[in-house]
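First the structure, in the form of structure tokens, and then the observations on it.
Numbering (the working numbering), first residue to last: 62 to 494.
The structure is reproduced here in structure tokens:
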């Protein structure tokens with residue numbers, strides 16, 4: 062250990078820079094500092110353990126573990142600024158900083174350990190980890206409290222396992238994970254974290270299966286584009302619910318990430334994007350196997366027709382296809398099975414294979430419309446019926462009579478279901494989701 066300040070109370074600024082090189086560990090556990098802690102441009106190289114340990118220390122100023130500023134460069138030297146660099150990692154566990162924590166341009170080489178361990182850290186203002194910061198090892202800011210922003214723009218993290226963990230962290234301002242932020246290897250854990258505003262870019266996303274956004278709460282999100290955000294949510298690990306549990310219970314599905322995103326988009330005025338996210342949540346719920354038996358069939362029908370109540374007009378797209386399909390079946394030979402419903406007309410039809418002159422003529426299209434649309438009477442379903450014993454039948458039909466009868470029953474049922482769901486969807490009687 063090169064320097065041990067544990068238990069010290071320092072009334073002013075503690076400055077060990079710039080351009081200080083320490084061969085060994087610097088440890089400061091349990092103490093107070095009346096000003097800043099400054100290691101700008103310093104190098105701390107430890108063979109084992111944390112290179113810099115500032116644990117449970119209260120600082121009334123800021124902690125500056127950053128590259129030196131240009132004004133700190135000595136006269137006669139070039140303006141090439143030296144990075145703050147550690148070999149062995151930085152530990153800020155349980156410390157409290159009234160001002161800022163600045164790691165701008167720092168190089169933290171964990172050497173098999175965490176690059177930064179700052180669980181339980183409290184920062185009154187902002188945390189700056191931008192300006193080409195590089196961390197080899199995990200950056201752990203779990204259960205931390207940051208009064209303003211956490212800025213990781215143009216920083217890089219390379220770690221085994223979790224690269225950046227903000228589990229349970231509270232950020233009063235913006236979390237910046239864009240403008241060059243990159244996870245070269247490892248995962249991103251945002252579980253149970255909360256921020257006022259979340260800003261990221263696709264270039265900074267982890268690989269698929271390495272995002273944990275369960276319980277992540279934010280007031281605003283940028284970009285607020287549904288396709289981009291759904292690709293982001295798709296980076297989460299495969300659903301546990303994808304495999305049916307052995308105990309037979311309905312598989313679990315955590316809808317909170319989708320619900321949080323939809324709520325934020327809707328509150329920001331992006332109603333269409335919010336609906337797309339809500340629909341994607343229901344699709345994922347269905348794929349996860351959360352519904353079984355008849356409930357699964359109903360959920361699938363509800364999704365295909367009304368998109369779970371979020372797009373009630375979608376049901377109208379299926380109507381022409383259903384009507385045209387049944388009309389084509391009738392026109393392809395099914396019409397030879399149609400006989401009049403009126404006894405007098407049926408008797409003449411069976412005798413002469415044609416209806417009386419004043420009897421409504423059979424039309425496959427009008428019959429399909431009349432049997433599909435409820436509360437509409439086009440005088441086809443009242444005038445004609447399917448009869449497999451029609452005496453005018455003289456050849457094998459492409460559609461058997463039994464199939465046509467079953468088709469008619471399903472056709473009529475679909476008409477009632479789609480009509481009921483459409484009306485309920487537009488009037489708000491049906492619950493969304």
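Ideal placement from N, C-alpha and C gives every residue a C-beta, glycine not left out.
Predicted, not measured: the structure shown is a model, and the values here were computed from it.
CB contact flag (residue i, residue j, <8 Å)
i	j	result
residue 94	residue 75	yes
residue 110	residue 79	no
residue 223	residue 250	yes
residue 239	residue 280	no
residue 194	residue 225	no
residue 154	residue 99	no
residue 368	residue 357	no
residue 461	residue 440	no
residue 294	residue 315	no
residue 297	residue 262	no
residue 259	residue 373	no
residue 390	residue 477	no
residue 182	residue 215	no
residue 285	residue 326	yes
residue 407	residue 337	no
residue 89	residue 118	yes
residue 241	residue 271	no
residue 474	residue 447	no
residue 143	residue 128	yes
Local Cβ density within 10 Å of residue i, reported as buried at 16 or more and exposed below that
i	result
residue 378	exposed
residue 210	buried
residue 342	buried
residue 472	buried
residue 308	In this prediction, residue 308 has a pLDDT of 49, which is less than 50 and means its spatial position is unreliable; what the coordinates show is noted afterwards. By the neighbour-count rule (16 or more Cβ atoms within 10 Å), residue 308 is not buried but exposed.
residue 221	exposed
residue 304	For residue 304, the pLDDT reaches just 39, beneath the cut-off of 50, and the residue's location in the model is therefore unreliable, although a value from the coordinates is still provided. Looking at its Cβ environment, which holds fewer than 16 other Cβ atoms inside 10 Å, residue 304 is exposed.
residue 97	buried
residue 92	buried
residue 463	exposed
residue 431	buried
residue 437	exposed
residue 353	exposed
residue 355	exposed
residue 306	The pLDDT assigned to residue 306 is 46, lower than 50, so where the model puts this residue is not dependable; a value taken from the coordinates is nonetheless given after this. Residue 306 is exposed by the Cβ-count criterion.
residue 419	exposed
residue 228	buried
residue 415	exposed
residue 184	buried
residue 82	exposed
residue 393	exposed
Expected contact under 8 Å - CB spacing of residue i and residue j to nearest Å
i	j	result
residue 383	residue 433	7 Å
residue 146	residue 113	About 11 Å separates the two Cβ atoms, so there is no contact after all.
residue 278	residue 255	4 Å
residue 349	residue 323	Not quite, the Cβ-Cβ distance comes to about 17 Å (not below 8 Å), so this is no contact.
residue 388	residue 426	5 Å
residue 122	residue 159	7 Å
residue 213	residue 192	Not confirmed; about 10 Å, so no contact.
residue 150	residue 198	6 Å
residue 257	residue 234	6 Å
residue 292	residue 282	Wrong, their Cβ atoms sit about 14 Å apart, outside the cutoff.
From the options, residue whose alpha carbon lies closest to that of residue i
i	options	result
residue 207	187, 170, 195, 198	187
residue 173	119, 296, 219	219
residue 85	189, 100, 479, 107	107
residue 105	192, 120, 62	62
residue 428	375, 129, 385	385
residue 230	237, 213, 243, 202	202
residue 148	418, 416, 87	87
residue 445	399, 287, 487, 199	399
residue 120	299, 325, 71, 353	71
residue 371	332, 397, 345	332
residue 200	442, 177, 413	177
residue 470	442, 484, 482	442
residue 380	328, 435, 410	435
residue 168	359, 67, 217	217
residue 243	196, 232, 289, 276	196
residue 299	334, 276, 345, 330	345
residue 189	162, 170, 347	162
residue 449	397, 482, 410	397
Contact test: residue i Cβ vs the ligand ZN heavy atom, cutoff 7 Å
i	result
residue 263	This structure simply doesn't include the ligand ZN, nor any ligand for that matter.
- Task: Decide if the segment 393 to 413 is in contact with the segment 358 to 372; the criterion is three or more beta carbon pairs, one per stretch, under 8 Å apart.
- Result: At 8 Å Cβ cutoff, the stretches do not touch.
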